[in-house]
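Protein chains in written order, with the working numbering: chain L, 124 to 219; chain B, 56 to 532; chain X, -9 to 609; chain R, -3 to 180.
In what follows, a structure is listed as structure tokens, so that the remarks can point back to it.
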Amino acid sequence: MSWLVVSALLFAIGAYGVLSRRTAILVFLSIELMLNAANLALIAFAKQWGSLDAQVVTLFVIAIAAAEVAVGLGLIVAIFRRRETTGIDELRGLKG
Amino acid sequence: MNYDALMHVGLFLPLLAGIALLIWPSLGRTFAVAAAGVTFLLAAWLFAGAQGEGAGYASQTLLLEPIQMYYALGLDGVGLMLWLAVSFTTLLAVYIAQVPIRMLGWALLMETGLLGIFAAADLVLFYVFFEATLIPALLMLGLYGGRERLKAAYTFALFTLVGSLPMLAAVFAVRYLGGAPSFLHADLAANPVSGAAATWVFLGFLVAFAVKTPLFPLHAWLPSFHAENHPSGLADAMGTLYKVGLFAFFKWAIPLAPEGFAQFQGLLLLLAAFGAIYAAWLAFAARDWKRLLAYGGVSHMGLGALGLFSGHADGVTGALFLLAASMVYTGGLFLVVGRIAERTETLEIGPVRGIAKSAPALSVLTMFLVMAMIGLPGLSGFPGEFMALLGAWKASPWLTFVAFTAVIAAAAYALTAYQALFQESPNRTVPDLTPREWVFGVAVVASTLLVGLYPKMFTELIHPVSEALAKLLGGGA
Amino acid sequence: MQETILLPLIILLPLLGFAVLGLWGKRMQEPTPGIVASALVLGSFVLGVVLLAQGGARWGLEDWLPGIPLSFALDNLSGLMVMIVAGIGFLIHVYAIGYMHGDAGFSRFFSYFNLFIAAMLVLVLGDSLPVVFVGWEGVGLASYLLIGFWYADRVNGDSARKAFIVNRIGDLGFLLGMGVLWANFGTLSISELREAIAPEGELAVGLNNAALALAAFLLFVGAIGKSAQVPLMVWLPDAMAGPTPVSALIHAATMVTAGVYLLCRNSFLYFDLPDVSFWIVLIGMITAVYGALCAFGQTDIKRIVAYSTLSQLGFMFVAAGVGAYWVAMFHVMTHAFFKALLFMSSGSVIHALGGEQDVRKMGGMWNYLPQTRIHGLVGALALGGLPLLSGFWSKDAILAYSYEYSPVVWFVMLLVAAMTALYSMRWFVLVFLGKYRGHEHPHESPSVMTWPNHVLTLGSLFAGFVGLPYVIQYKNFLEPWLNKVIVHHEHEKLPVLEEWTLILVSAAVAVGALYYGYRFFQAEAAGRLPAWFVRFQEASLRSFYADDVYNALIVKPLKSVAKILFDADNGVLTGFQWLGSVTGTLGGLLARLETGYLRFYAAGLLVAAVLLILVGVIR
Amino acid sequence: MSFAELLAAALLLLSALVVVRASNAVHAALALIANFLVIAGVYVGLEARFVAMTQIIVYAGAIVVLFLFVIMLLSAAQANVGKDMLPGLQVPAVVGALGLAGVLTYAVTRFTAPPNPGTLGGGLPQALGPLLYSPEKWLYALLVVGFLLLVATIAAVVLVEPERIVPEKVIKSASEELKEMVER
């Protein structure tokens, strides 16, 4: 139970990081933090409910996170080559 | 004979032919004419078959299991009549209009959409056809239209799409509020919505169908749509066929939400009557043929709408008959105007005069169609107009009187324009009908005469359906 | 009454002529189209007479439109009309072969002519109101085509259009009248309506009299349009724009008599509705007076005759209004003879003068045209009502019946009869007497034109003897023959003395007016008219400004409003576009939220997530 | 909670704060590794040993190292680069994060666990294997995830392939393309 609270706090810290960081890499790091918070919650639930399925899902989350990091970092590198920056405030293509 | 198969073939043949033509334009006009011709023959075959058996066709296949949506086609007398009108007019248009070959492909695509609208027996399927037909219509306008085509296309798209959204909502509302097990017409009609829901459902349909009727004041897209389309009249003829609002009211909106219809009946009668006389009046001031025909069409649909909304069987029969007949003669007029425009290089009324001298056969052909349009008895425009009047009188004598002053105005604007172009002292010599145009002319004149002199051919098929609707609405025969 | 397919054949013959001549007429040598057309009309006439002699015929097709049959009936009434239409029509056809000689549109002309006859026959034979309406509009179309026959001239096109549009006003009345009958009786078959409304010649009990009166009135509006009664009379004089045989056909055999026929055919509607009948009498009287007054000032030889038709149609309407339906038909018949004769002798004069139509440039034709002068004289005297000629008998019968209805009506109509005699003499004097005032070399028409006129002259002389008043101890053929099929009230016969008095008064008035006219208008030929009469003629020439009033009060306002509305209609579109721009502005405000900063969007996400979870946990 | 657990929790939160606040990206990444290692320890305590091992190998060993590579490749160790275009976001970020912490904490404390939870078998591969590879359970999901990894690998290669990167000007906007089509 208490680990759930820790997970919630970790998640919030990660969210804070996403908002406050200005370079793409660090935003990304913060997102990883949030993912781990979610994993922690899953494992804690698994323990409480005695269910192995939650652990399996955690494994999937880790695998998908790996894929996400591969693509995400690729994107960051590609953008850096065109824009010479990793600052996300300078990427405003979505402006309406 | 497996008529159901004919129905499916007839529906999708134009689509396939149209796609083929878009990919390989070198197939040429002959191919398009052949495809349209076969489609017309199939429709005629189906029609002849129904004459013998006295019943329509139906076929259904479950398409989307979770929402119980069917690929369901059904052709009763009304559907058969409209299939004939659509396929005949498309054939005429494809045969006569001088356009880039790819445009013929778009026209054929549009034909499938139109046939689908009249055949669909599942509301979702109907919606799909109803909306899909918009695409070729827009593309024809956008790709081949006149100088202001993008503005016209934008207006047209806006009106249509604004109508479509409430309709989509109504499509789902009518099933789930009415408690029907599927989207099939029969199921929906057996479980009509009632109460306040009926009002809202009908309103949803109303907006979409009024745009396509077109009913005042939602007719505003039409004049620029016609004026900006390709001068050959192909797109105008197809656009005329797309004025399916009356049919949609008849088949879907009214039977699915009769209580809603009852709420709006007075307003609808008023709008129909006002639109009829208003558009006829405006047509008098039109300075080019296409706008004239556009307003004339609005006026006639107003008369038809008056008949339909009267809720009496004769009025309903008249409205549907008028719808089918006007498809042929208005479409034919647009095509003839296209032929004239190619000769005189203008669509304006006034600069060119007296061409009856050099082109007598062309003038006779035009006169024929103009007379059909203004409802001369013996031609195809009359039976529908007349039955609509008989029905409308029962519902509201005063509105009928007001609306039908449009027949006086029709004579005025149509003959004035005719006189300006064909009569008075000639200032231009133009070639008379080519052999190809003779074939076209004979076909359209023969059909107009046949339908006008022997309306029984269609009325005996559609009147029972109208009577069923009138019974549903509680009106007498 | 036999069921026979031969009945529609009466109509199909001229229709066939229309189609054949329209399609292939151009390839025929000149007289052939005329001969074909005339022969077909003669065929219709013979067929009609034969069928009538066999006691009439009917033919029908059920459910032509739902509940409405396509049916035809040939009885005594429609038989009489078939004889007039096809018989007189045939003579006019023959005449036209000569008159239209050398015209570029010779075959087109006869094609339209046959269409006219066919449409009129549909109108006459139809036993179902919509079928009658088919013919009703068909004659409208044919008259439109024929009035605008020489369409290269703008005026002709305008006149044709005017005729069609004004007729359409009446047609709307007809249409709406059918609407009333359909709503109340559920049938539009004339024989069924007759059974429903007046079985056994008496008005059925329990009818909705208001609806009946409305239907009767609306159909009467239709008749007003077609028969050019006031206020829809403006098209008829302009219809003179067509070739002369067209005028003869419109005025004598077809078209304008249709309104009278419609009233007689549907007399079961009118015979017991005094209110509507009163309106018919009133309109008829006004038209008779108006037509007669207008005839005095005309300078066009055909327009004089045209206004006389207007006036005579007024007589027929008065007859129908007072309930003397057979008399109305009687006058239709005699009028057909002498009016066709008048037009065709006018045509001969025009032909002789190389197209000149202005009576001020005529005169003295008595010396040039030895046959036409007889035709003209008989026609004018018959129109003027010289005793013993056909026009006298029918007009006298109308006067007698209107005396019974009201002495006021009788007196007014007597005045109109006197005026008729005056202007018919004016026509005759200006054209035939005095010295020739033009510069052409008049020559008599070919025999193909004079022979039809010979026949018509005989008719104008003797046709009246089929309907003599009862006081002349000789059989009246027409009255019982027609009354067999016309629903009507039996009239009390006037006492013998009164009847004789009326006959003698009208004879004296006619003779006196004819003589006075003969003297008076020789002064006009010489240009020595009293000043008041000249002023009167100026107003009369312009038809007492009816056209100007209509143009100023109706046509012009309608046109300008149309222009205004046309531009305003773009306003409707603009209105919708304004709605669109409101939406656009709102959307623009929302679009400001799209800053493009990723972190800004993430913040939004966070806020939304917090709120959503909050909602989730609180529930 | 035992002392070890409290210590672990404190370490977790502390390292997380370093991750989101450090001004040097390398420091942040290293703090993240520390965070992951502690989490792995916690997993062992929660009977998830296989997951703990995976966590160390994949996350701490591979993913974060990848981050470090990229940071060094792009010389992007400086965290506060460029101008802060949204300086006003700091306060909402703190407030939002606190709010999120609040609602999440409230949410997770509302669960009541079943009284007799089953045993997890220590979360060893022997226990997880049958679940992962049985068709009734997670086999297909596993296959899909494997395929996803393959696709992601290819995508990463394609994305950074130098020739694939097109200068900005050549790409037309969709509206321009439509206009051209219409004019044709």
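Virtual Cβ for every residue (Gly too), placed ideally from N, Cα, C.
Residue i versus residue j - alpha carbon distance
i                            : j                            : result
asparagine 306 of chain B    : aspartate 177 of chain B     : Checking the displayed sequence, the identity of residue 306 of chain B turns out to be lysine instead of asparagine. Answer to the nearest angstrom: the Cα atoms are 11 Å apart.
alanine 208 of chain B       : phenylalanine 566 of chain X : 15 Å
arginine 342 of chain B      : histidine 285 of chain B     : 18 Å
isoleucine 199 of chain L    : methionine 68 of chain R     : 13 Å
glycine 191 of chain X       : valine 562 of chain X        : 57 Å
alanine 453 of chain X       : valine 308 of chain X        : 21 Å
leucine 373 of chain X       : alanine 282 of chain X       : 12 Å
phenylalanine 280 of chain B : proline 452 of chain B       : 34 Å
alanine 75 of chain B        : leucine 325 of chain B       : 46 Å
alanine 99 of chain B        : glycine 92 of chain B        : 10 Å
phenylalanine 80 of chain X  : leucine 30 of chain X        : 9 Å
leucine 601 of chain X       : alanine 135 of chain L       : 14 Å
valine 22 of chain R         : methionine 81 of chain R     : 24 Å
isoleucine 35 of chain R     : alanine 167 of chain L       : 11 Å
proline -2 of chain X        : valine 475 of chain X        : 21 Å
Under 7 Å by beta carbon: chain L residues contacting residue i
i                      : result
glycine 606 of chain X : What glycine 606 of chain X touches in chain L: nothing, since even the nearest Cβ is about 14 Å away.
glycine 37 of chain R  : Within 7 Å Cβ-Cβ: nothing; glycine 37 of chain R doesn't reach chain L, min ~12 Å.
Proximity winner among the options, relative to residue i (alpha-carbon distances)
i                         : options                                   : result
isoleucine 148 of chain L : R:Leu9, R:Ala75 and R:Gly118              : R:Ala75
alanine 175 of chain B    : B:Ala113, B:Ala152, B:Ile190 and B:Val93  : B:Ala113
valine 419 of chain X     : X:Met355, X:Pro397, X:Phe382 and X:Thr440 : X:Met355
alanine 200 of chain X    : X:Val211, X:Gly517 and X:Leu171           : X:Leu171
proline 377 of chain X    : X:Trp490, X:Ala500, X:Phe35 and X:Leu579  : X:Ala500
glycine 37 of chain R     : R:Leu100, R:Gly117 and R:Leu8             : R:Leu8
threonine 385 of chain B  : B:Leu296, B:Lys511 and B:Leu243           : B:Leu296
alanine 242 of chain X    : X:His478, X:Trp522 and X:Ile78            : X:Ile78
alanine 93 of chain R     : X:Arg363, X:Ala592 and X:Arg609           : X:Ala592
leucine 239 of chain X    : X:Pro189, X:Val279, X:Tyr134 and X:Val271 : X:Tyr134
leucine 113 of chain X    : B:Trp493, B:Gly433 and B:Gly529           : B:Gly433
Contact list for residue i against chain X, beta-carbon separation under 8 Å
i                         : result
methionine 183 of chain R : Residue 183 of chain R lies beyond the residue range present for chain R, which begins at -3 and ends at 180; the question has no answer from this structure.
valine 129 of chain L     : Under the 8 Å cutoff, chain X gives no residues; its nearest Cβ is about 18 Å from valine 129 of chain L.
tryptophan 448 of chain B : Leu166, Gly169, Val170, Trp172 and Ala173
Contact list for residue i against chain L, beta-carbon separation under 9 Å
i                           : result
phenylalanine 63 of chain R : Ile148, Phe151, Leu152, Glu155, Val192 and Leu196
glutamine 51 of chain R     : Asn159, Asn162, Thr181 and Ile185
Partners in chain X for residue i, counting only beta-carbon separations shorter than 9 Å
i                       : result
tyrosine 136 of chain R : Those do not exist, as tyrosine 136 of chain R stays about 30 Å from chain X at its closest Cβ, beyond 9 Å.
Listed by chain order, chain R residues near residue i by CB distance under 8 Å
i                      : result
alanine 593 of chain X : Leu85, Pro88, Ala89 and Gly92
Neighbouring residues, chain B, relative to residue i (Cβ below 8 Å)
i                            : result
leucine 165 of chain X       : Phe441, Leu444, Phe459 and Val462
phenylalanine 154 of chain X : Ala466 and Leu470
Neighbour list for residue i in chain X, Cβ cutoff strictly below 7 Å
i                      : result
valine 141 of chain L  : Ala592
alanine 138 of chain L : Leu596
Below 8 Å between beta carbons is the criterion; list the residues of the region 185 to 196 of chain L that meet it against any residue of chain R, in chain order. Ile185, Ala186, Ile187, Ala188, Ala189, Ala190, Glu191, Val192, Ala193, Val194 and Leu196
So within the region 383 to 465 of chain B, which uninterrupted beta strand (DSSP E) runs reach at least 3 residues, ignoring any that extend past its ends? none
If you scan the region 28 to 80 of chain X from start to end, which runs of the beta strand (DSSP E) of 3 or more residues do you find wholly inside it? 47 to 55 and 58 to 64
Suppose only complete runs of 4+ residues qualify. What are the alpha helix (DSSP H) ranges in the region 148 to 186 of chain B, listed by chain order? 156 to 174
Listed in chain order, which residues of the region 115 to 149 of chain X have Cβ atoms closer than 9 Å to some Cβ of chain B? Pro120, Val121, Phe123, Val124, Gly125, Trp126, Glu127, Gly128, Gly130, Leu131, Tyr134, Leu135, Gly138, Tyr141, Ala142, Asp143, Arg144, Asn146, Gly147 and Asp148
Extract the residue ranges of the alpha helix (DSSP H) inside the region 79 to 143 of chain B, only unbroken runs of 4 or more that lie entirely within it. 83 to 108
Note down, in chain order, all residues in the region 104 to 117 of chain R with a beta-carbon under 9 Å from any beta-carbon belonging to chain L. Val104, Thr105, Phe107, Ala109, Pro110, Asn112, Pro113, Gly114, Thr115, Leu116 and Gly117
In chain order, what are the residue ranges of uninterrupted alpha helix (DSSP H) at least 4 long that sit wholly in the region 137 to 188 of chain L? 147 to 172
If contact means a Cβ-Cβ distance below 8 Å, which residues of the region 195 to 214 of chain L contact chain X? Ile211, Asp212 and Leu214
What ranges does the alpha helix (DSSP H) occupy inside the region 415 to 493 of chain X, keeping only unbroken runs of at least 4 residues that lie completely in it? 437 to 452 and 468 to 473
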